[in-house]
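The sequence shown maps to residues -17 to -1, 1 to 115 in mature numbering (1 follows the signal peptide of the UniProt record, and there is no 0).
Beta carbons: idealized from backbone N, C-alpha and C, even for Gly.
This structure is a prediction, so every number in the text was calculated from the model and none was measured.
Have a look at the structure below before the remarks.
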Amino acid sequence: MKKLTFALVLMTTAAIANVAAQDADNDAIKKRLEPVGQVYLAGAEVAADTGPKGPRTGEQVYQSSCFACHGTGALDAPKKGDAAWKPRIAQGADLLLKHAIEGIRTMPARGTCMDCSDDEISAAIAFMIEGV
């Protein structure tokens, strides 16, 4: 009888431990599936204004989007202030801006700054060719 009681207590303990482990797993799954953002409808009150407060400077755009390639020379991108800009500048500012906006060869459109305005892209170009 003692063996039977011991077996029942052992099975009950194992079952309780299993339920606790499943609850922990469920909590972890819920945490992983939580939304990463919010959707706001027109007219609804926005929790926080996360948009830009005005146009970014050329340096800010360069630091946030352009530096990865133009700061390191990756994919043959001309570095800031480098003489490699001279033949590009000779083609004209309009064509330089067009290539920056549309992309050319290995450079992606807008240099991956999809939320940059054309004026901000132009300011980043002016910042990169400064002193050439």
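Tell me, please, whether the segment 37 to 52 touches the segment 76 to 95 by the rule of three or more beta-carbon pairs shorter than 8 Å.
yes
Taking the Cβ atom as the reference point for each residue, do residue 45 and residue 83 lie within a distance shorter than 8 Å?
The count along the sequence shown starts at 1 and reaches residue 45 at position 62. The count along the sequence shown starts at 1 and reaches residue 83 at position 100. Against a cut-off of 8 Å, the Cβ pair of residue 83 and residue 45 comes out as no contact.
Can you give me the start and stop residues for the alpha helix (DSSP H) that residue 43 sits inside?
Counting from 1 along the sequence shown, the entry for residue 43 is found at position 60. Going by DSSP, residue 43 is part of the alpha helix (DSSP H) stretching over 41 to 44.
Which residues share a DSSP beta bridge with residue 90?
Walking along the sequence shown from the start, residue 90 turns up at place 107. Residue 90 is bridged to 87.
If you run the structure through DSSP and keep just helix, strand and coil, what is residue 27?
Here residue 27 is taken as the residue at index 44 of the sequence shown, counted from 1. Note: residue 27 maps to coil in three-state DSSP.
Measure the alpha-carbon distance for residue 66 versus residue 81 and round it to whole angstroms.
The residue given as residue 66 occupies position 83 in the sequence shown. The residue given as residue 81 occupies position 98 in the sequence shown. If I take the Cα positions, the gap works out to 20 Å.
Just checking my contact of residue 71 with residue 79 at CB under 8 Å: how many whole Å lie between their CB atoms?
Along the sequence shown, read from residue 1 onward, the residue named residue 71 stands at position 88. Along the sequence shown, read from residue 1 onward, the residue named residue 79 stands at position 96. Yes, they are in contact, since the Cβ atoms of residue 71 and residue 79 sit about 6 Å apart, within 8 Å.
Does any heavy atom of the ligand SAM sit closer than 7 Å to the C-beta of residue 69?
Questions concerning the ligand SAM fall outside what the structure shown contains, since it holds no ligand whatsoever.
For residue 63, count neighbouring Cβ atoms within 10 angstroms of its own Cβ and tell me buried if that reaches 16, exposed if not.
Stepping through the sequence shown from its first residue, residue 63 is reached at position 80. Answer is buried; the Cβ neighbour count reaches 16.
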